[in-house]
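The block underneath contains the structure these notes are about, expressed in C-alpha coordinates.
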Amino acid sequence: MKHKKMNLLSADELKSEILSKEKEIRTIKFSVAGVTNKNTKTHRDARKTIARAKTQLRAELG
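full-length UniProt numbering puts the first residue of the sequence shown at 1, with every later residue one more than the last.
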(Lines of atoms letter the chains of each structure in order from A and count residues from 1; the text may use other names and numbers.)
(Lines give C-alpha, C1' and ligand atoms only; values in the text may rest on other atoms or scores of the structure.)
Protein backbone atom coordinates (compact mmCIF):
# COMPACT_ATOMS: atom_id res chain seq x y z
CA MET A 1 0.00 0.00 0.00
CA LYS A 2 1.47 3.31 -1.05
CA HIS A 3 1.41 6.49 1.03
CA LYS A 4 -1.08 8.18 -1.30
CA LYS A 5 -3.54 5.31 -0.84
CA MET A 6 -2.99 5.38 2.93
CA ASN A 7 -3.81 9.09 3.09
CA LEU A 8 -7.06 8.51 1.19
CA LEU A 9 -8.25 5.82 3.61
CA SER A 10 -10.13 6.68 6.77
CA ALA A 11 -8.71 5.53 10.11
CA ASP A 12 -11.10 2.56 10.25
CA GLU A 13 -10.27 1.43 6.73
CA LEU A 14 -6.57 1.73 7.46
CA LYS A 15 -6.96 -0.28 10.65
CA SER A 16 -8.81 -3.08 8.85
CA GLU A 17 -6.12 -3.09 6.13
CA ILE A 18 -3.40 -3.49 8.78
CA LEU A 19 -5.34 -6.27 10.52
CA SER A 20 -5.81 -8.18 7.27
CA LYS A 21 -2.06 -7.96 6.60
CA GLU A 22 -1.34 -9.17 10.14
CA LYS A 23 -3.74 -12.09 9.63
CA GLU A 24 -1.82 -13.06 6.47
CA ILE A 25 1.45 -13.04 8.44
CA ARG A 26 -0.14 -15.07 11.26
CA THR A 27 -1.45 -17.61 8.75
CA ILE A 28 2.06 -18.05 7.36
CA LYS A 29 3.43 -18.42 10.90
CA PHE A 30 0.97 -21.10 11.97
CA SER A 31 1.30 -23.09 8.77
CA VAL A 32 5.01 -23.21 9.60
CA ALA A 33 4.50 -24.07 13.28
CA GLY A 34 4.14 -27.74 12.35
CA VAL A 35 7.85 -27.91 11.54
CA THR A 36 9.49 -29.35 14.64
CA ASN A 37 13.18 -29.36 13.70
CA LYS A 38 14.09 -25.68 13.87
CA ASN A 39 17.14 -26.00 11.63
CA THR A 40 15.45 -27.41 8.57
CA LYS A 41 15.70 -25.48 5.34
CA THR A 42 11.91 -25.18 5.20
CA HIS A 43 11.80 -23.59 8.64
CA ARG A 44 14.62 -21.15 7.83
CA ASP A 45 12.94 -20.15 4.57
CA ALA A 46 9.64 -19.70 6.37
CA ARG A 47 11.22 -17.47 9.02
CA LYS A 48 12.75 -15.35 6.25
CA THR A 49 9.37 -15.11 4.53
CA ILE A 50 7.70 -13.99 7.76
CA ALA A 51 10.42 -11.41 8.40
CA ARG A 52 10.11 -10.16 4.82
CA ALA A 53 6.32 -9.84 5.16
CA LYS A 54 6.68 -7.88 8.41
CA THR A 55 9.30 -5.58 6.91
CA GLN A 56 7.13 -4.98 3.88
CA LEU A 57 4.14 -4.20 6.10
CA ARG A 58 6.19 -1.69 8.11
CA ALA A 59 7.46 -0.07 4.91
CA GLU A 60 3.96 0.19 3.49
CA LEU A 61 2.66 1.80 6.66
CA GLY A 62 5.55 4.28 6.58
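Glycine is no exception: its CB is placed at the ideal position from the N, C-alpha and C atoms. What you are looking at is a predicted structure, and each value in this text was computed from that prediction instead of being measured.
Problem set entry | Residues near E22 in its chain [Cβ-Cβ closer than 8 Å; skip 5 each side] | L57
Problem set entry | Cα-Cα separation between D45 and S10, rounded to whole angstroms | The alpha-carbon atoms of D45 and S10 are separated by roughly 35 Å.
Problem set entry | The alpha helix (DSSP H) enclosing T42, as first and last residue numbers | K41 to L61
Problem set entry | Alpha-carbon spacing of R52 relative to L19, whole angstroms | Each residue's Cα considered, the two are about 17 Å apart.
Problem set entry | Spatial distance of K54 from E17 (CA atoms) | 14 Å
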